[in-house]
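Residue numbers (the working numbering): 64 to 437.
In what follows, a single structure is set out as structure tokens and then discussed.
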């Protein structure tokens, strides 16, 4: 009797296992040849509807061997819609494969869209789970579509040149600012700091990408563009970017100085809890990179003083310009909030005091050598 019961149990268990195997699906994901990998996305204002968006996707096309391809191979899809999500859903009907956004690393936004509130379209990128928060974000001039469709002659097959601009694997320059998606969202919703984005432009023939300017996003206030010199100063002071070069002149003497170490420290001076001034100290160390005249090693201190005076003027001009426009890319307000006990009206106190703050800047330049020519 016990033998029959065990046999029935074995038979039922066998049928259960067989049924489970039959009902199981194959693979949980689409095959790789059924997916299209989006490398970059561009967002422009709609040309045919009010308050709409034009979304452009840059899609990497697969091929057999990289060595067989003589130039980069991409496809571009564009669609307009009231929202970014709607535009992408419509683009899914334009191709026979799944649009994969998990490998997208660059988000390019038209400069016009950055003058108002960023929340309508920034919400899509931060809310969608398959978009990396470490994706690079940049402003485009004149349009994101033109920037994405620009394919430089130096761009290698199976690569996107924009990755090399903002990553550590390619060019390194104090003119190039790198801003991640999570960083843009954090600085935008944070009180006391203004987010900064790099600006991507193209040359007249749309054969080169140029990244040497930036945009300070104002939020409630108007955004402000930084030229290449101002971008270099901001990037070197705030983000310790290397490769800073500075041209100084005095009479007939003209020097090009190369700095490899730059440090900025500052302290907010208050009186009765109200900010009064910012004491900033900048230290720079480097060497002489170029000169039209013969130099003397014994006069390095003189060259230091020449550079200190002119660099101080440039820094003060940048600080006061941002102050007049009620922008704070250096995060002075955030430092003030984070170093005080939280209480009602703390940030309002800073906002009232910031336009009248005094900037006290001291610059200490140390030229270590005159290069290989002594």
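Every residue, glycine too, gets a C-beta built ideally from N, C-alpha and C.
Keep in mind that this is a model prediction, so the values were computed, not measured.
The beta strand (DSSP E) runs lying completely inside the region 156-235 and spanning 3 residues or more are 161-163, 169-173, 199-203, given in chain order. Among the bridge pairs identified by DSSP, residue 313 is matched with 316. Counting along the chain, the unbroken alpha helix (DSSP H) around residue 298 starts and ends at 291-302. The DSSP-derived three-state label of residue 308 is strand. Between residue 277 and the set 260, 266, 284, 171, the nearest pair of CA atoms involves 260. Pairwise C-beta distances place the region 220-237 out of contact with the region 173-189, as fewer than three of them are shorter than 8 Å. Counting C-beta pairs with one atom in each stretch, the region 318-327 and the region 411-421 have fewer than three that are closer than 8 Å, which means they do not touch. With the rule of 3 Cβ pairs closer than 8 Å, the region 139-146 counts as touching the region 118-125. Here the region 269-289 does not lie against the region 186-196, with fewer than 3 beta-carbon pairs under 8 Å apart. Looking from the CA of residue 433, the closest CA among 405, 357, 244, 147 belongs to 357. The alpha-carbon separation between residue 109 and residue 388 amounts to approximately 29 Å. Judged by DSSP secondary structure, residue 394 falls outside any alpha helix (DSSP H); it is assigned neither H nor E. By the Cβ neighbour-count rule, residue 402 is exposed, with fewer than 16 other Cβ atoms within 10 Å of its own.
Each residue's CA atom was taken as its position, placing residue 264 and residue 196 some 24 Å apart.
Secondary structure of residue 425 (DSSP, three-state): strand. Taking C-alpha positions only, residue 80 is separated from residue 74 by approximately 10 Å. A check of alpha carbon separations from residue 322 across 168, 429, 83 identifies 429 as the nearest.
Put simply, the backbone Cα of residue 367 is about 23 Å away from that of residue 236.
Of 247, 154, 210, the smallest CA-CA separation from residue 266 is found for 210. Here the C-alpha atom of residue 426 lies approximately 15 Å from the C-alpha atom of residue 297.
Burial of residue 204 is indicated by the presence of at least 16 other C-beta atoms within 10 angstroms of its C-beta.
Rounded to whole angstroms, the gap between the alpha carbons of residue 363 and residue 309 is 16 Å. Comparing C-alpha distances from residue 159 to each of 96, 198, 377 shows the shortest one belongs to 96. For residue 105, the enclosing beta strand (DSSP E) stretches over residues 98-108.
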